[in-house]
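In what follows, a structure is listed as structure tokens, so that the remarks can point back to it.
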Amino acid sequence: MPAIDSLPPLRDVIATYELSAKKALGQNFLLDLNLTAKIARQAGDLSGTDVLEVGPGPGGLTRGLLVEGARKVLAVEKDARCLPALAEIAAVYPGRLEVIEGDALQIDALAHLTPPIAICANLPYNVGTELLVRWLTPAVWPPVWSSLTLMFQKEVAQRIVAKPGDKAYGRLAVLAQWRCDAYIAMHLPPEAFSPPPKVSSAVVHLRALPAPRFEADAKVLERVVAAGFNQRRKMLRASLKGLSPDIEDHLNAVGIPPTERAERVSIEAFCALARQLA
Ligand code: SAM
7 MPAIDSLPPL RDVIATYELS AKKALGQNFL LDLNLTAKIA RQAGDLSGTD VLEVGPGPGG
67 LTRGLLVEGA RKVLAVEKDA RCLPALAEIA AVYPGRLEVI EGDALQIDAL AHLTPPIAIC
127 ANLPYNVGTE LLVRWLTPAV WPPVWSSLTL MFQKEVAQRI VAKPGDKAYG RLAVLAQWRC
187 DAYIAMHLPP EAFSPPPKVS SAVVHLRALP APRFEADAKV LERVVAAGFN QRRKMLRASL
247 KGLSPDIEDH LNAVGIPPTE RAERVSIEAF CALARQLA
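Its first residue numbered 7, the sequence shown is counted upward by one per residue in our numbering.
Pasting the structure below:
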């Protein structure tokens, strides 16, 4: 198999810098550079694009992103042990890789980049959902980023792309699909990682729409959806009671039966209810 770049194989990088995986940091590394280049390609054409990568680790996906032509990669890594390996990559791609050591939850990394911006990451599972929700709920839409290409545990990926009536349909599906096109781009078995996690994984691609699919105030919609799915087995007239004393009238006004459950309500209907309540 031809090498994708002039850097050493990732197994050698891990041995050289003694990067034994730490469970607490969600470290399941991708060591096949053809696979990381394939994941990078799911982000679309990266030429002329700045890329934010959270958790580069030994740099497998980082190398994929650079090989695929990213204008610049900004990588935020919490584990200082990875920095020398990332410095080696930066030396081979002068001016194209910047690394910030720190916690991605504490750093406003997007402020360092120039649009168009793509976010691409093999996320640590413990912070993945929180980062996704932050990226999906900026104060203004469209956001500064154009697309998200993110690795999740398969069950989380299914929650992002789920449709009304699916078991996985919930707050994450509504937040994601209200303002993005979202689909599962790749499935990965545990053996694709080192060490292999207990679960399967999937890469989700989300493309920000220029405007939300349906009109609604984001804060009101988030409240409605949070209340509805917080008690997902309850009828909406019960789960949404806290939002308005006249909730049954509001539900009827937008054509949602008050006896319906949140898991069967479309994004369009949730938006209509949010407008009615605003
Ligand atoms: N991208 C590498 C790969 O694909 O092989 C590593 C992926 S590994 C699943 C997750 C990476 O995120 C690890 O390198 C870990 O140290 C890093 N990490 C964990 N929590 C983080 C946080 N809060 N902020 C930034 N990086 C974090």
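Heads up, the beta-carbon is just placed ideally off N, CA and C, and yes, glycines get one too.
As the structure is a computational prediction, the values presented were derived from the model and not from experiment.
Do residue j and residue i come within 7 Å of each other at the CB atom, strictly closer than that value?
i	j	result
Val209	Ala191	yes
Cys277	Ala224	no
Val180	Val231	yes
Leu52	Gly75	yes
Val60	Ala117	no
Gln159	Val205	yes
Glu274	Leu242	no
Asp56	Ile123	yes
Phe235	Ala268	yes
Thr155	Gln282	no
Gly54	Asn132	no
Around the C-beta of residue i, are 16 or more other C-beta atoms found within 10 angstroms, so that it is buried, or is it exposed?
i	result
Asn40	exposed
Gly176	buried
Asp255	exposed
Gly248	exposed
Pro130	buried
Ala182	buried
Ala188	buried
Asn34	buried
Ala9	exposed
Val146	exposed
Glu136	exposed
Ala97	exposed
Ala259	exposed
Lys173	exposed
In whole angstroms, give me the CA-to-CA distance for residue i and residue j.
i	j	result
Arg185	Leu103	30 Å
Leu13	Lys240	56 Å
Ala280	Glu228	9 Å
Leu25	Arg87	7 Å
Arg270	Gly171	5 Å
Leu212	Val73	22 Å
Val105	Pro201	24 Å
Val42	Leu194	Note on identity: in this sequence residue 42 is Thr, with Val being the wrong assignment. Thr42 and Leu194: Cα-Cα distance of roughly 11 Å.
Asn128	Pro196	13 Å
Thr143	Thr120	20 Å
Cys126	Leu138	11 Å
Ser207	Pro251	43 Å
Leu71	Leu80	11 Å
Ala198	Leu37	8 Å
Ser153	Pro216	12 Å
Ala30	Lys44	27 Å
Pro218	Gly108	32 Å
Ala46	Gly134	18 Å
Gly261	Phe220	16 Å
Trp141	Met157	15 Å
Gly101	Arg69	14 Å
Lys28	Pro263	49 Å
Leu246	Ser272	16 Å
Pro15	Ala214	35 Å
Val82	Ala115	8 Å
Tyr23	Asp85	12 Å
Ile95	Arg77	15 Å
Gly50	Val226	33 Å
Leu178	Ala233	13 Å
Pro148	Ile253	31 Å
Tyr99	Pro203	31 Å
Can you find a CB in chain C that lies within less than 7 Å of the CB of residue i?
i	result
Thr120	Absence of chain C from the displayed structure is noted, only one protein chain being present.
Entirely within the segment 139-174 and at least 4 residues each: give me those alpha helix (DSSP H) ranges in chain order. 160-167
Which ranges would you report for the beta strand (DSSP E) in the segment 187-236 if only whole runs of at least 3 residues count? 207-214
Is there contact between the segment 59-69 and the segment 16-28, where contact requires at least three CB pairs shorter than 8 Å? Three or more Cβ pairs closer than 8 Å define a contact, and the segment 59-69 meets that threshold against the segment 16-28.
At least three beta-carbon pairs within less than 8 Å, the segment 84-103 to the segment 164-171: no
Going along the chain, which unbroken runs of the alpha helix (DSSP H) with 4 or more residues stay wholly within the segment 13-42? 16-22
Jot down the residue ranges of each uninterrupted beta strand (DSSP E) in the segment 81-139, minimum 3 residues, whole runs only, in chain order. 103-107 and 123-128
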